[in-house]
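Report on the following structure.
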Ligand SMILES: [Zn+2]
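Residue numbers (my numbering): 548 to 953.
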């Protein structure tokens, strides 16, 4: 008998996301799983649960609803203060995102508000976001800094991410994004030097990943190569905001450095996509930001052809995608871009986990994985994106225990 301290039974369809030849979602009909110490110790047919598992702990009855792995969000900016709702209203009336990135508007405005907030205020804001992630079925996020933009305030943002991981049930993977934009009133050369010489070495113990935004409005290809090249030498794994608003070298740099992810990619060329696939980089697509900025459709066919792994992320941020909902991002990727429900589900689980170097631990359900799963009121896992903009999550289980909103 297998000892467990948590079990879930009667999952009408339990999507393990461990592909089989007959089913990419590896589903078990009327499935069950058991966990011990936060890890899955048994998974199989419900009818075998009682004969194979001794349970000393909570039993959750899914009552025929769908169960999927806890969703994995591979691109979020959860550490910020302030609101840009008025800029949203302006954009709806025709002002472009680009036009808002000057003076004290856009990212610069969020930087000022974030600098003015202390660790506890920022952690409180981020924890409220964590609750919304968990309520919408996400149990793991990648969390970027990038609204501090100097040594002290980026350190503060990393401390907020550390406290977020400690105080909430969300798994939080920290990314240093000092190269988000040049902060207002600072010489850009001096800023890039500060990122390379001061921040990167200082933050290495705190961040798993280093990210940079390669875009005309942010950093040049030469600057991004310098920052991420040094980050790689120091042992960071690499992510790149690449070819979001215009064509550029971001995808090339991601491929050259063997980045874990290249994100956005609306303007990536077929040869860049082939290079990313060859490098084993994951394409992290952000349908929410694409939707609100009226961006072009990313080259999905070229990605499929190159067998480039595609992840789907919320890109939670105050400027272009103020949403913690991965199911909404999945709906948008299906409706706006013609991705299939199976593709977006794989994108918000297995491929997102791969981009975070958490293969087999999150984004799938199997013996040894974290017991992170979500009970969803849907007739099948593929039906999740069919429910647009409403939360169909009934329960979220994180680390082998039911999560309750706080
Ligand atoms: Zn981003």
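Heads up, the beta-carbon is just placed ideally off N, CA and C, and yes, glycines get one too.
Here the structure is a predicted model, which means the values were calculated and not measured.
query, result
"Rounded straight-line distance, which links the Cα of residue 652 to that of residue 755", "30 Å"
"Contacting residues, own chain, Cβ-Cβ under 8 Å from residue 730 (five flanking each side not counted)", "655, 658, 696, 697 and 738"
"Same chain, Cβ closer than 8 Å to residue 670, five either side skipped, listed in chain order", "707, 710, 711 and 714"
"Whole-Å CB distance - residue 919 paired with residue 616, under 8 Å assumed", "6 Å"
"Which of helix, strand or coil DSSP assigns to residue 718", "strand"
"heavy atom of ligand 1 below 7 Å from residue 665 C-beta", "no"
"Under 8 Å between C-beta atoms of residue 685 and residue 803", "no"
"Minimum C-alpha distance to residue 825 - residue among 832, 840, 850 and 628", "850"
"Helix, strand or coil at residue 697 according to DSSP, with G and I counted as helix", "coil"
"Terminal residues of the alpha helix (DSSP H) in which residue 599 lies", "593-599"
"Cβ-Cβ distance between residue 681 and residue 614 below 8 Å", "no"
"Whether residue 830 touches residue 812 by CB criterion (8 Å)", "yes"
"Alpha-carbon spacing of residue 767 relative to residue 622, whole angstroms", "21 Å"
"Residue interval of the beta strand (DSSP E) (run including residue 554)", "549-562"
"Cβ-based burial, residue 904 [other Cβ within 10 Å; buried from 16]", "exposed"
"Per-residue burial, residue 854 [other beta carbons within 10 Å of its own, 16 or more giving buried]", "exposed"
"Closest residue to residue 885 among 666, 704 and 848 (Cα-Cα distance)", "848"
"Segment contact flag, the segment 891-910 with the segment 563-574, C-beta cutoff 8 Å, min 3 pairs", "yes"
"Residue environment, residue 639, which counts as buried when at least 16 other CB atoms sit within 10 Å", "exposed"
"Close-in-space but distant-in-sequence residues of the same chain around residue 660 (CB under 6 Å, 5 per side omitted)", "628 and 629"
"Proximity to residue 558 [Cα-Cα], best of 928, 808, 862 and 933", "928"
"Residue 870 - DSSP class collapsed to helix/strand/coil", "coil"
"Simplified DSSP state of residue 919, which is helix, strand or coil", "coil"
"Residue 906, DSSP secondary structure in three states", "coil"
"Segment contact, 8 Å Cβ cut-off, at least three pairs: the segment 815-823 with the segment 784-798", "yes"
"Whole-angstrom distance between residue 624 and residue 728, CA atom to CA atom", "14 Å"
"Environment of residue 859 [buried if 16+ CB atoms lie within 10 Å]", "buried"
"Residue 603 in three-state terms, based on DSSP", "strand"
"Rounded Cβ spacing between residue 947 and residue 586 (contact assumed at less than 8 Å)", "7 Å"
"heavy atom of ligand 1 below 7 Å from residue 864 C-beta", "yes"
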